[in-house]
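Mapping of the sequence shown onto UniProt numbering: position 105 corresponds to residue 105, and the numbering continues sequentially without gaps.
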Amino acid sequence: MPTIYDFNVKMPNGQEKSLKDYEGKALLIVNTASKCGLTPQFKGLQELYDKYNEKGLEILGFPCDQFNNQEFDDISETTEFCQINYGVTFPIFAKVDVNGEQADPLFQYLKSQKKGVISKAIKWNFTKFLIDRDGKVIDRYSPTTEPATIERDIMSVL
């Protein structure tokens, strides 16, 4: 049975990064978009990162363009947008698909571990997955769930 640490993800520059690098940390994995009505959640995500990073929380952002083309074509525009507009310092990775035949293997795994209310499919940008320090997927949060409302759950895995 694979764990979260068995996956590699792509950095914005195309290089691969092993999620094993995050072993022993709590993770909040989020599919993001820069031009979405939920984009202001970057602020709340960054606040959680600032508050809990030194205690072992990592937030991993994965831009996705599958929902009404709400992401820049160029990943450098995405990372610059996040930094300039929301002060994002947590890692933003290369764009991924989260659904369909081309869905990134990481998101296929996350969806297999915690399905949504109706189905496994991710319904929109800013779906969030909380992973404990042992690499277990603890919970899945809907796109409209504000980051601050999951702070208690984050504290429980730290």
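Quick reminder that beta carbons are idealized off the backbone N, C-alpha and C, glycines included. Computed from a predicted structure; not experimentally measured.
From 60, 135, 82, 94, pick the residue whose C-alpha is nearest to that of residue 24; which is it? Cα-wise, what sits closest to residue 24 is 135.
Grab the span of the alpha helix (DSSP H) containing residue 75 for me, first residue to last. Where residue 75 is concerned, the enclosing alpha helix (DSSP H) stretches over 75–86.
If the criterion is Cβ atoms closer than 8 angstroms, does the pair residue 28 and residue 130 meet it? The criterion of a C-beta distance shorter than 8 angstroms is satisfied by residue 28 and residue 130.
May I ask you to report which of helix, strand or coil DSSP gives residue 148? In the three-state reduction of the DSSP assignment, residue 148 falls in the helix class.
Once the 5 residues before and after residue 110 are set aside, which same chain residues still bring their CB inside 7 angstroms of it? The answer, listed in chain order, is 29, 129, 137.
In chain order, what residues of the same chain lie with their CB nearer than 7 angstroms to the CB of residue 7, ignoring the 5 residues before and after it? Closer than 7 angstroms at Cβ, skipping near neighbours: 19, 105, 106, 109.
Take residue 140 as the anchor and find which of 26, 14, 116, 157 has the nearest alpha-carbon. Considering only alpha carbons, the answer is 116.
For residue 104, the three-state DSSP class (helix, strand or coil): In this structure, residue 104 counts as coil in the three-state DSSP scheme.
Cut-off 8 angstroms between Cβ atoms - residues of its own chain near residue 127, not counting five sequence neighbours on either side: So the list reads 30, 31, 98, 116, 140, 141, 142, 143, once near-sequence residues are dropped.
Give me the Cβ distance between residue 91 and residue 61, rounded to the nearest whole Å; I'm assuming they're in contact under 8 angstroms. The pair is a contact, with the Cβ atoms about 7 angstroms apart (cut-off 8 angstroms).
Rounded to whole angstroms, what's the CA-CA distance from residue 67 to residue 77? Just pull it up for me. Residue 67 and residue 77 have their C-alpha atoms some 18 angstroms from each other.
How long is the line joining the alpha carbons of residue 59 and residue 149, rounded to whole angstroms? Straight-line Cα distance between these residues: approximately 15 angstroms.
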